[in-house]
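So the sequence shown is numbered by my numbering: it starts at -10 and just counts up by one. Note that CB positions come from ideal geometry on N, CA and C, so glycine has one too. Note sheet for the following structure.
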Amino acid sequence: MGYLNTVVPAASASQVNGSSASGGGLSQNGKFSYGYASSAGKRSSMEDFYETRIDGIDGELVGLFGVFDGHGGVRAAEYVKQNLFSNLIKHPKFITDTKSAIADAYNHTDSEFLKSENNQNQNRDAGSTASTAILVGDRLLVANVGDSRVVISRGGTAIAVSRDHKPDQTEERQRIEDAGGFVMWAGTWRVGGVLAVSRAFGDRLLKQFVVADPDIQEEVIDGSLEFLILASDGLWDVVTNEEAVAMVKPIEDPEQAARTLMQEAYQRGSADNITCVVVRFLVNKNNNSHHESGHRNNVKQENNTMTHRELESGSYRQRNSGHN
């Protein structure tokens, strides 16, 4: 996903073509488990990042999950991964007005990234999508910019809880044109003939048109909410929402579910990096089986974050495998 004719090997990308990394955990209160899987896929460079984080805030256990798909290099995606959730949990209204806190955190993170780009005199524009899921009490808040989608399974039904931000959508095209920009076809619909998403972090040269204002949707976490899937478009380009939910449904271990999605996308010919995060809700369920599923070592303050650099350095103990 990203710019037209600007895919170049990123010097900092350390995942070997076809390699993958995965992991997972269980919340300390036993209310949800999660897993993730990420692969460069058929690309020679890796621009996907993700974060899975559990924190205690004002006595409330909070889960924060995100997928960040970079374009024009890794700078924006890596910056968002490192700063978005930290900015969010420091927001004074994070618990009392979570929606406004999320919107503020998205825009503040974007502004700070653009400042850092100006300070470094970067001559190459970088940007990133973001799809995030925040679990606070019995609330699930999903926010996104770009086309890294979030899908939930509620009562066995696949429901998209994020909206892909594409330049040819009527509202997005109107917003871009009202700001003085244009949308044109160049292999796909692109802002200024360049960028295939209409909202993103970064993209300094297109910032007037490509905003970081997130769409935010709230869901109640109850017995009918089974799991959620966050993924980059490397999955959604070749797997439908309904197919993804059907694949995950019979797999209790969310890490294995995420790996299954990633591998299926690869086998279907996805040409992009592929990153999937699966969160399974354990409301009104016996949690004992999940404690036995290999996630015994998780602690209250957990931050299972990883970049491809950390994968190479061995900072985190992950399972790595290759696609044949």
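Our two residues, A185 and S9, have alpha carbons roughly 26 Å apart in a direct line. I148 and A246 have their C-alpha atoms roughly 18 Å apart.
Three or more Cβ pairs closer than 8 Å define a contact, and the segment 126 to 141 falls short of that threshold against the segment 101 to 115.
Separation of G169 and F198 (C-alpha to C-alpha, rounded to the nearest whole angstrom) is 8 Å. Checking the DSSP bridge columns, you'll see E208 partnered with L129. Taking a C-beta distance under 8 Å as the contact criterion, F21 and F270 qualify as a contact pair.
In this structure, the straight-line span from the alpha carbon of V227 to that of V139 is close to 15 Å. Runs of the beta strand (DSSP E) lying entirely within the segment 32 to 85, each at least 3 residues long, are 37 to 46 and 49 to 60 in chain order. E160 sits exposed, since fewer than 16 C-beta atoms from the chains shown fall within 10 Å of its C-beta. Collapsing the DSSP output to three states places E241 in coil. When the beta-carbon positions are compared, G13 and P243 come within less than 8 Å of each other. In chain order, D136 and R138 place their CB closer than 7 Å to the CB of D153, counting only its own chain and leaving out the 5 sequence neighbours on each side. As computed with DSSP, G116 is found in a beta bridge with H60 and G191. Put simply, the backbone Cα of Q256 is about 37 Å away from that of L50. Closest in C-alpha terms to G182, from the list H80, V172 and K31, comes V172. Residue range L214 to A220 is occupied by the beta strand (DSSP E) that includes L217. K79 is classed as exposed because its beta carbon has fewer than 16 other beta carbons within 10 Å across all chains shown. By the Cβ neighbour-count rule, S117 is buried, with 16 or more other Cβ atoms within 10 Å of its own. The beta-carbon separation of D192 and N96, rounded to 14 Å, does not stay under the 8 Å limit for a contact.
Sequence-distant Cβ neighbours of K155 in its own chain, meaning closer than 8 Å and more than five residues away, are D136, E161, W178, A185, V186 and S187. Closest option to A115, judged by alpha-carbon separation, among F57, V267, I43 and S142: F57. Contact between G223 and A175 fails: their C-beta atoms lie close to 21 Å from each other, not under 8 Å.
Taking the Cα of V200 as reference, the smallest distance to any Cα among R164, A233 and I43 is reached at R164. Listed in chain order, the beta strand (DSSP E) elements of length 3 or more contained wholly in the segment 138 to 179 are 138 to 143, 146 to 149 and 172 to 174. In the same chain as V267, and ignoring 5 residues on each side of it, the C-beta atoms closer than 7 Å to its own belong to Y23, G24, F216, I218, V237, P243, A246 and A247, in chain order. With fewer than 16 other beta carbons inside 10 angstroms of its own, T85 counts as exposed. For F102, the three-state secondary structure derived from DSSP is helix.
By the 16-neighbour rule on beta-carbons within 10 angstroms, T146 is exposed. The Cβ neighbour count for D99, taken over all protein chains shown within 10 Å, is at least 16; the residue is labelled buried.
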